[in-house]
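Here's the structure, in structure tokens; my notes come after.
There are 2 protein chains.
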Amino acid sequence: MVTIADVAKHAGVAPSTVSYVLTGKRSISPRTRSRVRESIRQLGYHPHAGARAFAGNRANVVALVLPLRPGVHLPAQMRIVTSVVTAARRHDMDVLIMTADQGAEGLRRVAAGARADGFLVMDVELDDVRVPPLREMPQPSVLIGRPAAAKGLVCVDLDFEAAGARCVEHLVGLGHRHVGFLGAPSVVYQRNTGYAQRTMAGFGAAAMRRGIASTALPAEDDYESVLGALRALLRAQPAMTGLVVHNEAALGWVVAGLRALGRKVPEDVAVVAICPDEYAEQRQLTSVQLPAEELGRRAVELLAARLAGVPAPALTLLAPKLSSRASSVPR
Amino acid sequence: MVTIADVAKHAGVAPSTVSYVLTGKRSISPRTRSRVRESIRQLGYHPHAGARAFAGNRANVVALVLPLRPGVHLPAQMRIVTSVVTAARRHDMDVLIMTADQGAEGLRRVAAGARADGFLVMDVELDDVRVPPLREMPQPSVLIGRPAAAKGLVCVDLDFEAAGARCVEHLVGLGHRHVGFLGAPSVVYQRNTGYAQRTMAGFGAAAMRRGIASTALPAEDDYESVLGALRALLRAQPAMTGLVVHNEAALGWVVAGLRALGRKVPEDVAVVAICPDEYAEQRQLTSVQLPAEELGRRAVELLAARLAGVPAPALTLLAPKLSSRASSVPR
DNA sequence: GTGAAAGCGCTAACAG
DNA sequence: CTGTTAGCGCTTTCAC
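Residue numbers (my numbering), protein chains in the order written: chain B, 805 to 1135; chain D, 805 to 1135.
Structure, rendered in structure tokens:
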């Protein structure tokens, strides 16, 4: 194995100099630097990660804690994972994955053993069991999502409130004056799911600001329920020409349901969805998507900043991006 | 920070004794062991991962290399990831993830830096760019899948040949004497995709062994193509009452296609699929699934064995498991 | 701008 | 069955 001492000897410098060339933690004359670089290259030297972690008190590892419930939306999750890994590499860090079953105990083990320098927690729930251990450990963490008690934590999330509002703005921009909101199953709101409530609130507030009529209803995941909700929305607002849907499972039934009620999409009713991009693209729905790549990247950057001693904002909300597709046209 | 020396002092033993209690690498009297254990508990000691990796020449980390092409079948992949993490923990190892974009270079970096003790490579392709670096590095690796040149490598895979045969056995067991095989798009066979070819070969061989008639055809991913292939299969064998489908994308069209040709499933034609379990369950299809959990677990165990110096078999083939559902009935 | 040297916390060989 | 001790390869003071 080729060590830093070998490189030092080969380059005719001290080991510390090689170290400093590598870390850039003190200035090195260009001549020395290039000589060291050349030796590193010639000898094929790669610093030993263990030794480095040990001496430097930095593992150069970020632990990525996967969602508690599997399968929420796998493609989006995978994209977050990928973007986290890519972003982490830019900061010279590798990514350790932890799964739900490792729980709080696993977090403590990894933290206490200094196996990771920081934690990234995906798909955080309002009352998340992983939050308490995060508060106790010396390493910083960044949450993707927003727990109920976020005090003292650093979170990144899509700005769901703005997402709801953005949909209204889009519809208003197209000339619609009566809009509806088809939400998640009522149980989702009952259990205080943060993002669902915020989306609806954003929708309602935007409609109020624009001075237009709005109605909102939850819907279960079956055709009957969706049809019933659509019927109720149309009864409340017979002139409804714009519909915002925040319910992935219902998306499949919405167009058919509207059709059954005598409304064609997009001629009679413009539909805007808030859902993963694949869903929307496949069905050609105008939509606000979950910015998976950016979520992952920003989370890593916030963590890297904290590791570098730069304080991070408690909450980073990503602006929603609306993609206009075939399901919404001017009225 | 609480170190091994603190524990040793607290328990009134030497640091090495604590180490041996932890690793179990030499016998310790029950009294000493329990005293040390108690001190560890009281002091809340967790060994420093970096120091351990450094001194022991063991990072206790396995690198999991994700598939090159994303999205092949995410649920199955996620299940493999989860089972790998779970199994790795049983061997006191954590899991580092590497994504496709890190490529061969990333593998070399992680290997040379001794960041991981071994590599697990998912979804290996016949001519996989990740294979050459694996051969050069000192750490052992286990591949999930089978590359063309597997010489000297350790692989785990579903026994696709047996899977094809198993479907035939199932149909024959139900009394079917004329069976068809609807395969992947022809391009898949053209590019020598190992598992596709092996599945078909297993299907054909089993039919031969049982002395029954069989016909096989590829099918593209659209309804027209599936319908055409089904029509051709029925023309070749008008008495066909059993169909094996190895084409996820086509699955959605098969039942409708058979219906359009006047055959009801399962009364007229029994259908057996080779596909991820979710697909089959959702559509109530009899199927042979990809044993994701077992694949991950076995891969870890093989790697752990190699790390412990036990030579591993070059190829571990997992027996296919058939789940009988509504799409296949006795004739 | 560079070198020398002291550990970091743990493991494993050596000794008893 | 247990204690003593010598590093592992790197970072980081301290010194020049």
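Idealized CB from N, CA, C, for every residue including glycine.
These numbers come from a predicted model, not from an experiment.
- At a cut-off of 7 angstroms between beta carbons, T807 (chain D) makes no contact with chain B.
- Look at I1078 (chain B): its C-beta is not under 7 angstroms from any C-beta on chain D.
- With respect to chain D, the C-beta atom of R1101 (chain B) has no partner C-beta closer than 7 angstroms.
- Close CB contacts of A1036 (chain B) within its chain, under the 7 angstroms cut and outside five residues either way in sequence, are with L1021 (chain order).
- In the structure shown, H895 (chain B) falls within a coil segment according to DSSP collapsed to helix, strand and coil.
- Interface criterion met: the Cβ of T886 (chain D) is under 7 angstroms from a Cβ in chain B.
- Cβ proximity to chain B below 9 angstroms picks out I901, M902, T903, A904, D905, Q906, G910, R912, R913, V914, A915, A916, G917, A918, R919 and A920 from the segment 901-930 of chain D.
- Taking all protein chains in view, the Cβ of E909 (chain B) is surrounded by fewer than 16 other Cβ atoms within 10 Å, so the residue is classified as exposed.
- A Cβ-Cβ separation of about 19 angstroms leaves P936 (chain D) out of contact with R1110 (chain D) under the 8 angstroms criterion.
- Taking C-alpha positions only, L1031 (chain D) is separated from A1053 (chain D) by approximately 13 angstroms.
- Residue ranges of uninterrupted beta strand (DSSP E) with 3 or more members, entirely inside the segment 968-1006 of chain B and ordered along the chain, are 982-987.
- According to the DSSP assignment, A859 (chain B) belongs to the alpha helix (DSSP H) that extends over A853 to G860.
- Look at the segment 913-946 of chain B and you find these whole runs of alpha helix (DSSP H), each 4 residues long or longer: 935-940.
- Contact of G854 (chain D) with chain B is assigned, a C-beta pair being separated by under 7 angstroms.
- One alpha carbon belongs to E842 (chain B), the other to S823 (chain D), and they sit about 40 angstroms apart.
- Nearest to E1098 (chain D) by C-alpha distance, out of D:P1124, D:Q1001 and D:S1128, is D:P1124.
- Check the Cα spacing between G1006 (chain B) and each of B:Q1086, B:A967, B:M926 and B:Q1093: the tightest is with B:A967.
- A1077 (chain B): not part of any alpha helix (DSSP H); member of the beta strand (DSSP E) spanning A1074 to I1078, first to last residue.
- Considering only beta carbons, no part of the segment 933-955 of chain D lies closer than 7 angstroms to chain B.
- The C-beta of H1050 (chain D) comes no closer than 7 angstroms to any C-beta of chain B.
- Considering only D:L911, D:N1051 and D:L1062, the residue with the shortest C-alpha distance to R1039 (chain D) is D:L1062.
- From the beta-carbon of F858 (chain B), the residues of chain D found nearer than 8 angstroms are H852, G854, A855, A857 and F858.
- For the pair R1135 (chain B) and T1120 (chain B), the CB atoms are not nearer than the 7 angstroms cut-off.
- At the C-beta level, R981 (chain B) and I948 (chain B) stay beyond 7 angstroms of one another.
- Separation of the CB atoms of V865 (chain D) and D898 (chain D) is rounded to 5 angstroms, and the pair is thereby assigned contact status at 8 angstroms.
- Looking at D:P851, D:Q906, D:V958 and D:P871, the one whose alpha-carbon comes closest to that of P1117 (chain D) is D:V958.
- Around the CB of A1043 (chain B), fewer than 16 other CB atoms lie within 10 Å, so the residue is classed as exposed.
- Excluding sequence positions up to five before and after G1046 (chain D), its CB lies within less than 6 angstroms of the CB of L975, H980, V983 and A1074, all in the same chain and listed in chain order.
- L870 (chain B) sits close to M926 (chain B), with the two beta carbons spaced by under 7 angstroms.
- With a threshold of 7 angstroms between beta carbons, D898 (chain D) makes contact with chain B.
- Assigned with DSSP and collapsed to three states, G1066 (chain B) falls in coil, not helix or strand.
- Rounded to whole angstroms, the gap between the alpha carbons of T890 (chain B) and A1064 (chain B) is 46 angstroms.
- Shown here for H1050 (chain B): same chain residues with a beta carbon closer than 6 angstroms to its own, the five before and five after excluded, namely G987, T1003 and I1078 in chain order.
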